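Protein chains: 2
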Amino acid sequence: MVIDTDSRVTIVEVAARSGVSSATVSRVINGDVHVRPATRERVLRVMHDLGYIANRQARSLAGGRTDVIGLIVPDLGTGYIGEIIRGIDIELGQTGLDLILYTTHRTASKEANYVANLAQGMVDGLVLVLPRSPADYIEALTRRRFPFVLVDHQGTGRDCPAVGANNWRGARDATEFLLQLGHTRIGIITGSMDLGCSQDRLAGYRAALQDHQLPALPELEYEGAFLQPDGYAGGSAFLDLADPPSAIFASNDVMAMGVMDAVRNRGLRIPDDISVVGFDNIPQSAVVYPPLTTVQQPLEDMGRAATQMLLRILKRPEENAGRVELPTRLVTRGSTSAPKGRAG
Amino acid sequence: MVIDTDSRVTIVEVAARSGVSSATVSRVINGDVHVRPATRERVLRVMHDLGYIANRQARSLAGGRTDVIGLIVPDLGTGYIGEIIRGIDIELGQTGLDLILYTTHRTASKEANYVANLAQGMVDGLVLVLPRSPADYIEALTRRRFPFVLVDHQGTGRDCPAVGANNWRGARDATEFLLQLGHTRIGIITGSMDLGCSQDRLAGYRAALQDHQLPALPELEYEGAFLQPDGYAGGSAFLDLADPPSAIFASNDVMAMGVMDAVRNRGLRIPDDISVVGFDNIPQSAVVYPPLTTVQQPLEDMGRAATQMLLRILKRPEENAGRVELPTRLVTRGSTSAPKGRAG
DNA sequence: GTGAAAGCGCTAACAG
DNA sequence: CTGTTAGCGCTTTCAC
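Those protein sequences? They're chains A and B, same order as listed.
Residue numbering for the first sequence is 1 to 344, as defined by this note's numbering.
Residue numbering for the second sequence is 1001 to 1344, as defined by this note's numbering.
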């Protein structure tokens, strides 16, 4: 096949040269069964010879499939999203679908706008990563039966197709790990409590304590908002207690870094004096000193799972996809050890 | 503004409600000057009230601007590309342009296909990251004056708009660093010598030696192809020499890892017996043991620069954009030290 | 300044 | 099985 970048070979030209109508060519393109094999062959040959390339715009304008799926992400800043995208891309590579990427730069209104824009015929389906304001459009999309999936480790998504990480279990595992090490006073710094993931992580933490017949103490629960200063503030608050915890679980790595700063600022050592655990396993957590023990989210897998789910919806719109929760994995590194402080 | 996800508000409806023709609405949308200010105001208001969203497909089909730029990347596997995309995204965020992403999965034919596809009116301009077969389409694009930029650290791009890293200088700096440490026998493992970047890196290495009145010895130059086994083979070859080098510069990090394996396999230590330097600063290089000294490419900056360049071309197609070379940065880590071997 | 009308390339009924 | 005929929503001459 001659790939001619200039080519303006249209369906009409292919039709003319194959001695059929453009409708038939269209049928061939779309794999319509109602075409005599011989005709199909001939058209295919001409398309090939001419280096015909379907015009995406025209196709979708006319209301056909676009073979493109839309991806809306909050930003590309952390590398976090990159992992998810990679998973999506791997899965999409198996199919003939393309990807159009939109970055909302964390703006909820842009998000809703893009959704509206894309769902208007530009793509066949939508993957929404870490949506800010899903409520704004989920209902409309659902009503219109427009295929979409949320990648939503935050747990904000209502009852709609979504994949997320098992936050509850991740937090429980992390806390359980600290308990196994011998810690009995463990502080938690939560994320914004309006997010499902924060609630789940806190619940997981409490569940682990309960498993060990330990009470959940309000003084050991500090509400943050996923930012480093929150970790610093929370860590400092814990260390100011008459009886400070010997371990601190931060609901994300960024806050864990803040905790580490707070601990060091007090002249205390990690993990000798205080153990610290994070959540997310961002790349930085492996290279800080000491390397951070944390809960890894299966980002790439989440991307893959979301894509598979979308493909399934695209194929069988009637079945409902439900929600998938992927398991997290505890990554133990140098920021945790058995308590070595004063008395046991 | 009411964002209505279902909305099928078209230019016609806006026209009707503003008491003008659709042509005028189109003019307003496209910032045509030939519209009375009062009319413009009115139309704008109606568009706003109705939550009008332009249909991308129709626009580009009709031959107008698409306000989308196409991005073609080889893959998303390494995180390497992610950095570049981030730079592009940052720069694009300032404008009203959107991004459509294509992954070629390292297939040259897909690459040419996508280029043809996108350049057919789907996007206003193209950014090609690490192109495999630019020769296949550069001429056609240039002839058609279709805006595009290569992000091309490999230096494969001919004389066309491109941004790359300064490979020569990066290699010279790395070699100079080793020389400063006191190494006098330094081996180099090159990349595929048909690539401009490999040639430049080798030249930089030789230049540094020359600066110190040291000869470039053929026995200390091993040709690889950017793969780990090449590093292993090259490193082994060097260590088999009667007078092996005390430091090895690999033309990328992946080969440097291969070198490290070879060194360890000989029972030698890094950096005590052999210093190793890489190129790229891939994430892994920070976490291997010992952490790898390497030359960092300004990936995000390259993405930004490429985007700026494309925007400039979009604005002033007549000026020619030329080529930009961005500086690299030497990242010194644990894999290098002064030679401690036998005699000084 | 503004409107009317002709497509852009394709799909989707509806006939045959 | 295949052709005819309308558009999809927008831009763009060409008139007025």
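Cβ atoms here follow ideal geometry from the backbone N, Cα and C, with glycine treated the same way.
Note that this is a predicted model, so its numbers are computed, not measured.
In terms of beta-carbon proximity, B/Asn-1055 lines the interface with chain A, with at least one pair separated by less than 8 Å. As summarised for the segment 1069-1131 of chain B, the continuous alpha helix (DSSP H) elements at least 4 residues long and confined to that stretch are 1080-1093 and 1108-1119, given in chain order. Remark: three or more beta-carbon pairs, one from each stretch, lie closer than 8 Å, so the segment 1109-1128 of chain B and the segment 1065-1080 of chain B are flagged as touching. No Cβ of chain B is located within less than 8 Å of the beta carbon of A/Arg-304. Listed in chain order, the non-local C-beta contacts of A/Ser-275 below 8 Å within the same chain comprise Leu-178, Leu-181, His-183, Ser-246, Ala-247, Ile-248, Thr-293, Ser-335, Thr-336, Ser-337 and Pro-339, local neighbours out to five positions each way being set aside.
Among the residues of chain B, none has a CB under 9 Å from the CB of A/Val-129; the nearest is roughly 14 Å distant. Secondary structure at B/Leu-1178: helix, using DSSP grouped into helix, strand and coil. The beta carbon of A/Pro-147 sits no closer than 8 Å to any beta carbon of chain B.
The bridge partners DSSP lists for B/Glu-1325 are B/Gly-1164.
DSSP lists no beta-bridge partner residue for A/Phe-226. Around B/Tyr-1114, the same chain offers Gly-1070, Ile-1072, Tyr-1102 and Thr-1104 as residues with beta carbons nearer than 8 Å, after the five sequence neighbours per side are excluded.
Under the DSSP assignment, A/Ile-29 falls in the alpha helix (DSSP H) whose first and last residues are 22-29.
As a beta-bridge residue in DSSP terms, B/Ser-1275 pairs with B/Ala-1247.
Interface annotation, B/Gly-1121: in contact with chain A, CB-CB separation under 8 Å. Taking a cut-off of 8 Å on C-beta distances, the segment 258-271 of chain A does not touch the segment 307-320 of chain A, as fewer than three cross pairs fall below it. Near chain A, meaning a CB-to-CB distance below 7 Å, the residues of the segment 1056-1075 of chain B are Arg-1056, Gln-1057, Ala-1058, Ser-1060 and Leu-1061. Between A/Asp-152 and A/Gly-164, the CB-CB gap stays under 8 Å. DSSP lists B/Leu-1126 as the bridge partner or partners of B/Phe-1148. Going by DSSP, B/Ile-1188 is part of no alpha helix (DSSP H) but of the beta strand (DSSP E) stretching over 1186-1190. With distances taken between CA atoms, A/Gly-196 lies nearest to A/Pro-131 out of A/Pro-131, A/Pro-229, A/Glu-219 and A/Met-257. Not flagged as an interface residue toward chain A: B/Leu-1314, since no C-beta distance is shorter than 8 Å. For B/Ala-1286, the closest Cβ of chain A is nearer than 8 Å.
Not a single CB atom of chain B sits nearer than 8 Å to the CB of A/Leu-150. Rounded to whole angstroms, the Cβ separation of A/Asp-253 and A/Gly-278 is 4 Å, and the two are in contact under 8 Å. For B/Asn-1117, the closest Cβ of chain A is nearer than 8 Å. Residue burial is scored here from C-beta neighbours: A/Val-33 has fewer than 16 other C-beta atoms within 10 angstroms and is therefore classed as exposed. Residues of the segment 1187-1201 of chain B that bring their beta carbon within less than 8 Å of a beta carbon in chain A are absent altogether. By alpha-carbon distance to B/Ala-1116, the top candidate from A/Pro-134, A/Leu-220, A/Val-9 and A/Gln-94 is A/Val-9.
Taking B/Glu-1083 as reference, the option from B/Val-1288, B/Leu-1214 and B/Glu-1300 with the minimal CA-CA separation is B/Glu-1300. Secondary structure note for A/Thr-294: it is in no alpha helix (DSSP H), and the uninterrupted beta strand (DSSP E) holding it is 293-296. Using a CB distance below 7 Å, the part of the segment 80-95 of chain A facing chain B consists of Gly-82, Ile-85, Arg-86, Asp-89 and Gly-93, ordered along the chain. Counting only residues of its own chain and dropping the five nearest sequence neighbours on each side, A/Ile-282 has a CB closer than 6 Å to the CB of Asp-253.
Per the DSSP secondary-structure output, A/Asp-280 pairs in a beta bridge with A/Gln-296. Here A/Val-14 is buried: its Cβ has 16 or more other Cβ atoms, across all protein chains shown, within 10 Å.
The continuous stretches of alpha helix (DSSP H) do not include A/Leu-241, and DSSP gives it neither H nor E.
At a cut-off of 8 Å, the C-beta of B/Thr-1142 has no neighbouring C-beta in chain A.
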